[in-house]
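Asker: Quick one: structure below, then a few questions.
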Amino acid sequence: MNQRPLIIANWKMNPTTLKEAEHLFEVVNKGVKPIKNVEVVICPPFVFLSVFSLRSSVLKLGGQNCYWEQKGAYTGEVSPLMLKDLGCEYALVGHSERRQYFGETDEIVNKKIKSALKSRLKPILCIGEEIRDTFDSEGRPLNEMSFIVQTQLEKALNGVSAAKIRDVVIAYEPIWAISANDGLFCPPDEALKAKLFIKKILSKLYNRQTAEGVRILYGGSVNFKNAADYIKKAGMNGLLIGGASLNGSEFVKIAEKVANAGGSP
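Each residue of the sequence shown is one higher than the last, beginning at 9 in this note's numbering.
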């Protein structure tokens, strides 16, 4: 697969003012503009999307979440049609914080993926285990990653056709490695094992050729020092970045590192 690496900036519930958000957006837009061989998506809080959608920018926009219905009496929710109308191309679905704090189940994630695809949004399906793989008294792995990841994939993609799966991006983000949780470092070789396992499951759900067409990203304590290794050594198709995306200059450095590392195999 020969695609430009994809970098997703998840600002989460930051920053708190429009002035700060506009400054961060402009720093990233200006810094990324000369970088040709990388695709950059900004996922800001919903309230800033309408402002950014009017800007002339090399950056693409994404939502941090979307509801599974197109419209209706659902107070506080944002539909995929609304995101699409604001110029969004992507939407995060199933982020671990949504699962943890808002009780999102795999079944809910599945409905959101289908709704996003129906609205011609590309869902970024976030998956990952909470606890790092450990070993029993006889040295056998407990396979936390494989069990959780397989379950999340099978349930989230239930009913998603082979034709539609090519528009789905998979973001492997082990919860134990997220910086907001004082995360541990996930070595590229561990990330590679996860990517290969994800490809294996996708091949079973669809076929090998279809699986090879699905982009897989890594997320979890990514910074400009380790970013390139996840592309070169782990073979990732891009990165999902949280905390580091709030520092405009560091985020631009990450984009440069990834662009120079080249696309993944």
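The C-beta atom is built at its ideal place from N, Cα and C for all residues, glycine as well.
Could you give the DSSP three-state label for residue 109: helix, strand or coil?
Answerer: Three-state DSSP puts residue 109 in a helix.
Asker: Count the other CB atoms within 10 Å of the CB of residue 169; is the residue buried (16 or more) or exposed (fewer)?
Answerer: It is exposed - the Cβ of residue 169 has fewer than 16 other Cβ atoms within 10 Å.
Asker: Does residue 131 come out as helix, strand or coil in the three-state DSSP assignment?
Answerer: Correct three-state label for residue 131: strand.
Asker: Looking at the unbroken beta strand (DSSP E) that takes in residue 227, where does it start and where does it end?
Answerer: From DSSP, the beta strand (DSSP E) with residue 227 extends over 224 to 227.
Asker: Rounding to the nearest angstrom, what Cα-Cα distance links residue 48 and residue 120 in this structure?
Answerer: Each residue's alpha carbon lies about 23 Å from the other.
Asker: Could you check whether residue 181 and residue 248 sit closer than 7 Å to each other, using their CB atoms as the reference points?
Answerer: A contact, by the Cβ cut-off of 7 Å.
Asker: Looking only at C-alpha atoms, which of 12, 11, 17, 13 sits nearest to residue 253?
Answerer: Nearest C-alpha to residue 253: 17.
Asker: How long is the line joining the alpha carbons of residue 5 and residue 27, rounded to whole angstroms?
Answerer: With the chain represented from 9 up to 273, any question about residue 5 goes unanswered, as that position is not in the structure.
Asker: What are the start and end residues of the beta strand (DSSP E) that includes residue 68?
Answerer: Run containing residue 68: 68 to 71, per the beta strand (DSSP E) assignment.
Asker: Measure from the alpha carbon of residue 61 to the alpha carbon of each residue in 75, 46, 90, 35, then state which is nearest.
Answerer: Cα-wise, what sits closest to residue 61 is 90.
Asker: Taking the alpha-carbon of residue 93 as reference, which of 58, 259, 43 has the nearest alpha-carbon?
Answerer: Looking at the Cα atoms, 58 is the closest of the given residues.
Asker: Determine the direct distance from the alpha carbon of residue 65 to that of residue 44, and round the result to whole angstroms.
Answerer: Going from the Cα of residue 44 to the Cα of residue 65 covers about 13 Å.
Asker: Given residue 124, which residues of its chain have a CB within under 6 Å of its CB, disregarding the five upstream and five downstream residues?
Answerer: Result list for residue 124: 74, 88, 99, 131, in chain order.
Asker: Going by C-alpha distance, which of 172, 85, 37, 67 is nearest residue 128?
Answerer: Per the Cα distances, 172.
Asker: What are the boundary residues of the beta strand (DSSP E) that residue 18 is part of?
Answerer: Note, residue 18: beta strand (DSSP E), 14 to 18.
Asker: Take residue 259 as the anchor and find which of 140, 25, 183, 46 has the nearest alpha-carbon.
Answerer: The residue with the shortest Cα to Cα distance from residue 259 is 46.
Asker: Can you tell me the Cα-Cα spacing of residue 206 and residue 111, whole angstroms?
Answerer: Between residue 206 and residue 111, the C-alpha separation is close to 24 Å.
Asker: From the DSSP output, in three-state form, read off residue 248 for me.
Answerer: Correct three-state label for residue 248: strand.
Asker: Give the range of the alpha helix (DSSP H) segment to which residue 238 is assigned.
Answerer: Start and end: 235 to 240.
Asker: I'd like to confirm the pairing. Which residues does DSSP put opposite residue 99 in its beta bridges?
Answerer: Residue 99 pairs with 71, 131.
Asker: Pick from 165, 76, 136: whose alpha carbon is nearest that of residue 227?
Answerer: The residue with the shortest Cα to Cα distance from residue 227 is 136.
Asker: Is the separation between the beta-carbon of residue 117 and that of residue 164 shorter than 7 Å?
Answerer: Yes.
Asker: According to DSSP, residue 51 sits in a beta bridge with which residue or residues?
Answerer: The partner list for residue 51 (beta bridge, DSSP) reads 18.
Asker: Rank 84, 38, 225, 76 by C-alpha distance to the C-alpha of residue 54 and give the top, closest one.
Answerer: Per the Cα distances, 84.
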